[in-house]
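Peer 1: Below: one structure in structure tokens.
Numbering (the numbering used here), first residue to last: 1 to 113.
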């Protein structure tokens, strides 16, 4: 085996990191979380506690899915994307479903009469 250390020869020397121990930051194990949060905010940290945010319910279950790819004229594609955006930020499959529902196309692909 080669004795070449690829420039990492100095990385093998002791760094003293093994002497670093947790604690000693001035806060004991009994410090309330709100005090820790206040100390963090004082030095610029932002809380990422999820209780501050609204949890949005997941969309309805899709069931089995498949990929559907197609080439389309740019103008038609842009029209469809804008339709989905204006209708309430629909995903593309939801946009297709909405248009088929409005056209009266049933699950078998036939127009309802």
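Glycine is no exception: its CB is placed at the ideal position from the N, C-alpha and C atoms.
Just so we're clear, the structure is a prediction, and the values are computed from it rather than from any experiment.
DSSP three-state call for residue 96: helix, strand or coil?
Peer 2: In the structure shown, residue 96 sits in a helix (DSSP, three-state: H, G or I).
Peer 1: Please work out which residues of its chain come closer than 8 angstroms, Cβ to Cβ, to residue 41, disregarding the five sequence neighbours upstream and downstream, and give them in chain order.
Peer 2: Correct list, in chain order: 47.
Peer 1: How many angstroms separate the CA atom of residue 112 from the CA atom of residue 93?
Peer 2: Roughly 20 angstroms separates the two Cα atoms.
Peer 1: With H, G and I counted as helix, E and B as strand and the rest as coil, what does DSSP make of residue 111?
Peer 2: Three-state result, residue 111: strand.
Peer 1: Return the chain-ordered list of same chain residues with a C-beta closer than 8 angstroms to the C-beta of residue 106, the five sequence neighbours on each side being excluded.
Peer 2: 112.
Peer 1: To the nearest angstrom, how far is it from the Cα of residue 16 to the Cα of residue 22?
Peer 2: Rounded to whole angstroms, residue 16 to residue 22 spans 14 angstroms at the Cα level.
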